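No gaps in the numbering here: position 296 of the sequence shown is 295 in numbering that gives the first Met the number 0, and each next residue is one more. Backbone N, C-alpha and C fix where the C-beta goes; we use that ideal spot for every residue, glycine too. Remember, predicted model here, so these are calculated numbers, not experimental data. Each remark here refers to the structure printed beneath this line.
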Amino acid sequence: MIAARPNAHDEHPASADVIDACIAALTNKSGQIRAGAVVADAEFVQFHPTALDVGLEPAPLASEALRGEGALLINSDGRRFMRDVAPEAELAPRDIVARAVFAEIEAGRRVFLDCRQAIGAHFPDAFPTVYAHCKAAGIDPVTEPIPVAPAEHYHMGGIATDTRARTSVAGLWAVGEVASTGLHGANRLASNSLLEAVVFAARAADDIAQVVGDGRGVAQAALYRVAGAKPVDHAAREDAIALIRDTMSADVGVVRTRRSLTRALLTLREIADTAGNDTQLANMALAARLVTGSALLRTESRGGHYRRDYPDPDPSKAQRSFVTLDELEALECRIASATMAQTSETWLAMDAEVACAP
Ligand SMILES: Cc1cc2nc3c(=O)[nH]c(=O)nc-3n(C[C@H](O)[C@H](O)[C@H](O)COP(=O)(O)OP(=O)(O)OC[C@H]3O[C@@H](n4cnc5c(N)ncnc54)[C@H](O)[C@@H]3O)c2cc1C
Numbered sequence: 000m001i002a003a004r005p006n007a008h009d010e011h012p013a014s015a016d017v018i019d020a021c022i023a024a025l026t027n028k029s030g031q032i033r034a035g036a037v038v039a040d041a042e043f044v045q046f047h048p049t050a051l052d053v054g055l056e057p058a059p060l061a062s063e064a065l066r067g068e069g070a071l072l073i074n075s076d077g078r079r080f081m082r083d084v085a086p087e088a089e090l091a092p093r094d095i096v097a098r099a100v101f102a103e104i105e106a107g108r109r110v111f112l113d114c115r116q117a118i119g120a121h122f123p124d125a126f127p128t129v130y131a132h133c134k135a136a137g138i139d140p141v142t143e144p145i146p147v148a149p150a151e152h153y154h155m156g157g158i159a160t161d162t163r164a165r166t167s168v169a170g171l172w173a174v175g176e177v178a179s180t181g182l183h184g185a186n187r188l189a190s191n192s193l194l195e196a197v198v199f200a201a202r203a204a205d206d207i208a209q210v211v212g213d214g215r216g217v218a219q220a221a222l223y224r225v226a227g228a229k230p231v232d233h234a235a236r237e238d239a240i241a242l243i244r245d246t247m248s249a250d251v252g253v254v255r256t257r258r259s260l261t262r263a264l265l266t267l268r269e270i271a272d273t274a275g276n277d278t279q280l281a282n283m284a285l286a287a288r289l290v291t292g293s294a295l296l297r298t299e300s301r302g303g304h305y306r307r308d309y310p311d312p313d314p315s316k317a318q319r320s321f322v323t324l325d326e327l328e329a330l331e332c333r334i335a336s337a338t339m340a341q342t343s344e345t346w347l348a349m350d351a352e353v354a355c356a357p
């Protein structure tokens with residue numbers, strides 16, 4: 000882990016690989032990470048508290064505007080549980096509502112968004128998209144409560160960038176959800192992501208124009224294609240993707256612990272090691288490993304990151320996290336050997352090490 004990185008653009012003048020890197024910035028995170036880019040705040044994932052729990056993939060959202068209009072969260076016993084959790088009840092911040100909904104589900108109860116009183120017959124006109132999703136799932140929100148559950152929604156973490164959208168890799172800019180500017184802190188406020196993308200896209204464009212100029216004399220870039228580059232075993236891929244998703248949901252979700260994160264990291268590393276030719280699968284596993292490793296290293300709870308074993312914010316850790324692929328792999332090696340040794344001394348030493356990480 001490191002606290003700050005020099006900006007590589009200042010060390011290396013613009014070169015032919017500038018265009019290569021621009022194109023890489025349009026692809027996914029993992030290509031950039033393999034190029035050595037520093038990743039920031041990967042542990043901070045925002046969960047939407049009320050995705051429709053009707054078995055659809057991806058799960059459509061029951062907009063927060065519904066709660067804004069007065070819709071209530073009730074459990075399968077009919078109890079309005081948010082009043083016990085926060086003074087703002089249903090209008091508490093996203094992470095608090097998501098954890099409360101998760102706790103109900105963990106306790107074996109289903110959760111519903113009850114719009115019958117607050118919105119009732121206006122539902123189809125006021126919320127046509129959510130209404131259409133509900134009707135497609137056989138639910139009439141005018142007369143029935145909507146089953147809901149938390150779902151992964153936004154990643155505050157990503158490729159670390161400065162205020163010009165430059166990454167730590169010379170000639171590589173990153174904009175949008177792939178980037179981590181630090182603007183969202185540990186928990187994005189709704190709609191700030193699109194605003195950030197607009198602002199930083201303009202900044203990146205200005206900066207690229209200054210660095211690259213008119214592009215004359217710059218070599219033609221070779222495109223890096225992930226999908227279809229090499230033959231893959233599709234059945235094995237589907238199984239592995241399902242395992243990544245199950246692992247992230249069960250062990251790196253709304254509530255995390257050292258044990259769940261360690262288990263997840265070992266599973267994800269195994270998937271990466273057996274991905275073979277399948278770069279797309281290896282990239283999915285890598286993105287998941289970065290979230291998991293960073294979550295393991297942050298021994299506190301803050302924003303979208305909640306550790307049951309460290310439930311409070313630690314003022315000494317009120318700073319961004321930064322990690323590279325090399326550092327992630329070093330952490331994985333330590334965990335793998337500690338797991339193999341299975342001695343309490345090793346685990347205690349690892350706990351101390353994790354707790355000391357900046
Ligand atoms: C349901 C939902 C509702 C939201 N509502 C809001 C909202 O109201 N307000 C708000 O501000 N934000 C909202 N967000 C968040 C916001 O939509 C995203 O942060 C934003 O769209 C990210 O834009 P992006 O261009 O960075 O990434 P994306 O929109 O994810 O675009 C990335 C593109 O890259 C492509 N790609 C990926 N890998 C590769 C590859 N290897 N090669 C080539 N192409 C590749 C993908 O296919 C995709 O087209 C919402 C998100 C969700 C999921």
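Query raised in the report: CB-CB under 7 Å to Met283, same chain, minus the five flanking residues each way: which ones, in chain order?
Result: In the sequence shown, counting from the first residue as 1, residue 283 sits at position 284. Counting only Cβ-Cβ distances below 7 Å, and skipping sequence neighbours, we find Ile240 and Ile243.
**Report entry** Classification of Gln209 by the beta-carbon crowding that lies within 10 angstroms, buried from 16 upward
**Finding:** The residue given as residue 209 occupies position 210 in the sequence shown. With fewer than 16 Cβ atoms within 10 Å of its Cβ, Gln209 is classed as exposed.
**Report entry** Cα-Cα separation between Ala220 and Ile207, rounded to whole angstroms
**Finding:** Counted from its first residue, the sequence shown places residue 220 at position 221. Counted from its first residue, the sequence shown places residue 207 at position 208. Its pLDDT being 47, under 50, Ala220 is placed unreliably in this model, and the value from its coordinates should be taken loosely. Straight-line Cα distance between these residues: approximately 15 Å.
Report task. Would you kindly check if the distance between the Cβ of His152 and the Cβ of Asp60 is under 9 Å? Result -> Translated into positions along the sequence shown, residue 60 becomes position 61. Translated into positions along the sequence shown, residue 152 becomes position 153. First, the residue type needs correcting, since residue 60 is Leu and not Asp in the sequence shown. Going by C-beta atoms, Leu60 is nearer than 9 Å to His152.
Report task. Could you please give the first and the last residue of the uninterrupted alpha helix (DSSP H) stretch that includes Gly157? Result -> Taking the first residue of the sequence shown as position 1, residue 157 is located at position 158. Per DSSP, Gly157 belongs to no alpha helix (DSSP H); it is in the beta strand (DSSP E), Gly157 to Ala159.
Report task. Counting only runs of 4+ residues fully inside the segment 198-284, write out the alpha helix (DSSP H) ranges in chain order. Result -> 233-250 and 257-272
Requested in this report: For the alpha helix (DSSP H) holding Ile104, just list the boundary residues, first then last.
Outcome: Position 105 of the sequence shown, counted from the first residue, corresponds to residue 104. Residues Arg93 to Glu105.
Query - DSSP-derived helix/strand/coil call for Pro314 - result: Working through the sequence shown from its first residue, we reach residue 314 at position 315. Helix.
Query - Per-residue DSSP class, three states only, for Asn186 - result: Counted from its first residue, the sequence shown places residue 186 at position 187. Here Asn186 sits in coil by DSSP.
Query raised in the report: Looking at the structure shown, is Leu55 part of a helix, part of a strand, or coil, going by DSSP?
Result: Numbered from its first residue, the sequence shown carries residue 55 at position 56. The answer is coil: DSSP assigns Leu55 none of H, G, I, E or B.
Query raised in the report: Measuring CA to CA, which of Arg297, Val38, Ala281 and Leu327 is closest to Thr166?
Result: In the sequence shown, counting from the first residue as 1, residue 166 sits at position 167. Minimum Cα distance to Thr166 is reached at Val38.
Query raised in the report: Do you know how far the Cα of Leu285 is from the Cα of Met339?
Result: Taking the first residue of the sequence shown as 1, we reach residue 339 at position 340. Taking the first residue of the sequence shown as 1, we reach residue 285 at position 286. In a straight line, the C-alpha of Met339 is about 22 Å away from that of Leu285.
Query raised in the report: Exposed or buried, which one is Leu65 when buried takes at least 16 other CB atoms within 10 Å?
Result: Counting from 1 along the sequence shown, the entry for residue 65 is found at position 66. Its Cβ being crowded by 16 or more others within 10 Å, Leu65 is buried.
Query - Supposed close pair Arg306, Glu299 - CB separation, criterion 8 Å - result: One-based indexing of the sequence shown puts residue 306 at position 307. One-based indexing of the sequence shown puts residue 299 at position 300. Going by Cβ atoms, the distance from Arg306 to Glu299 rounds to 7 Å, so yes, they are a contact pair.
Report task. Quick one: using the 10 Å Cβ neighbour count with 16 as the cut-off for buried, is Thr323 buried or exposed? Result -> As a working mapping, residue 323 is identified with position 324 in the sequence shown. By the 10 Å Cβ count, Thr323 comes out buried.
Requested in this report: Kindly examine ligand 1 and report whether one of its heavy atoms sits closer than 8 Å to the Cβ of Gly181.
Outcome: In the sequence shown, the residue the question calls residue 181 occupies position 182. Result no, Cβ not under 8 Å from ligand 1.
Query raised in the report: Secondary structure at Ser192, three-state DSSP: helix, strand or coil?
Result: Here residue 192 refers to the residue found at position 193 of the sequence shown. DSSP places Ser192 in helix when its eight states are reduced to three.
Query raised in the report: Any idea what DSSP makes of Pro140, helix, strand or coil?
Result: Indexing the sequence shown from 1 puts residue 140 at position 141. Coil at Pro140, not helix or strand.
**Report entry** Proximity of Asp113 and Leu72 at Cβ, strictly below 9 Å
**Finding:** Here the question's residue 113 lines up with position 114 in the sequence shown. Here the question's residue 72 lines up with position 73 in the sequence shown. Result yes, Cβ atoms of Asp113 and Leu72 sit closer than 9 Å.
Report task. Spatial neighbours of Tyr309 within its chain, please: CB distance less than 7 Å, with the 5 preceding and 5 following residues excluded, ordered by chain position. Result -> Indexing the sequence shown from 1 puts residue 309 at position 310. Contacts found: Thr298, Glu299 and Ser300.
Report task. Could you tell me which residues DSSP puts in a beta bridge with Val322? Result -> Here residue 322 is taken as the residue at index 323 of the sequence shown, counted from 1. Val38.
Query raised in the report: beta strand (DSSP E) containing Phe111: first to last residue?
Result: Taking the first residue of the sequence shown as position 1, residue 111 is located at position 112. Phe111 -> beta strand (DSSP E) spans Val110 to Asp113.
Query raised in the report: If you measure from the CB of Glu176, is any heavy atom of ligand 1 nearer than 8 Å?
Result: Taking the sequence shown and counting its residues from 1, the one referred to as residue 176 is at position 177. Yes - ligand 1 has a heavy atom lying nearer than 8 Å to the Cβ of Glu176.
Query raised in the report: So, are the CB atoms of Ala120 and Val290 less than 9 Å apart?
Result: Here the question's residue 120 lines up with position 121 in the sequence shown. Here the question's residue 290 lines up with position 291 in the sequence shown. Contact flag unset, no.
Query raised in the report: How many Å lie between Leu51 and Ala148 at the Cα?
Result: Indexing the sequence shown from 1 puts residue 51 at position 52. Indexing the sequence shown from 1 puts residue 148 at position 149. Straight-line Cα distance between these residues: approximately 7 Å.
Query raised in the report: CB Pro92 to CB Asn186, shorter than 9 Å?
Result: Residue mapping note: residue 92 aligns to position 93 of the sequence shown, counting from 1. Residue mapping note: residue 186 aligns to position 187 of the sequence shown, counting from 1. Yes, the pair counts as a contact, with Cβ atoms nearer than the cut-off.
Query raised in the report: If you drop the 5 nearest sequence neighbours on each side, which residues of the same chain put their C-beta closer than 6 Å to that of Thr49?
Result: Locating residue 49 in the sequence shown gives position 50, counting from the first residue. Correct list, in chain order: Ala61, Leu112 and Val147.
Report task. Can you check DSSP and say which residues form a bridge with Tyr309? Result -> Position 310 of the sequence shown, counted from the start, is the residue given in the question as residue 309. DSSP, once it has assigned bridges, lists Arg306 as partnering Tyr309.
Query raised in the report: Whose CA, out of Val254, Pro86, Arg163 and Gly170, lies closest to the CA of Ala34?
Result: Here residue 34 refers to the residue found at position 35 when the sequence shown is read from its first residue. Selected option, being the one with the closest Cα: Gly170.
Requested in this report: Mind checking which residues open and close the beta strand (DSSP E) that includes Ala65?
Outcome: The count along the sequence shown starts at 1 and reaches residue 65 at position 66. Note that residue 65 is Leu in the sequence shown here, rather than Ala. Element bounds for Leu65: not the beta strand (DSSP E) but the alpha helix (DSSP H), Glu63 to Gly67.
Report task. Verify the contact flag: Asp106, CB atom, against every heavy atom of ligand 1, threshold strictly below 8 Å. Result -> Translated into positions along the sequence shown, residue 106 becomes position 107. Note on identity: in this sequence residue 106 is Ala, with Asp being the wrong assignment. No - ligand 1 has no heavy atom lying nearer than 8 Å to the Cβ of Ala106.
Query raised in the report: Which term fits Cys332, buried or exposed, when burial requires 16 or more other beta carbons within 10 angstroms of its beta carbon?
Result: The sequence position of residue 332 within the sequence shown is 333, counting from 1. The residue is exposed, with fewer than 16 neighbouring Cβ atoms inside 10 Å.
**Report entry** Arg262 versus Ala274, Ala235, Leu295 and Asn276, residue with shortest Cα-Cα distance
**Finding:** Start at 1 with the first residue of the sequence shown, and residue 262 comes out as number 263. Selected option, being the one with the closest Cα: Leu295.
Requested in this report: Counting only the same chain and skipping the five closest in sequence on each side, list residues whose C-beta sits under 6 Å from that of Thr246.
Outcome: As a position in the sequence shown, residue 246 is number 247, starting the count at 1. Cβ within range, chain order: Ala263 and Thr266.
**Report entry** Residues bridged to Ser179 [DSSP beta-bridge criterion]
**Finding:** The residue you call residue 179 lines up with position 180 of the sequence shown. Answer by DSSP bridge pairing, in chain order: Ala159.
Query - Rounded straight-line distance, which links the Cα of Ile95 to that of Gly77 - result: Residue mapping note: residue 77 aligns to position 78 of the sequence shown, counting from 1. Residue mapping note: residue 95 aligns to position 96 of the sequence shown, counting from 1. Going from the Cα of Gly77 to the Cα of Ile95 covers about 20 Å.
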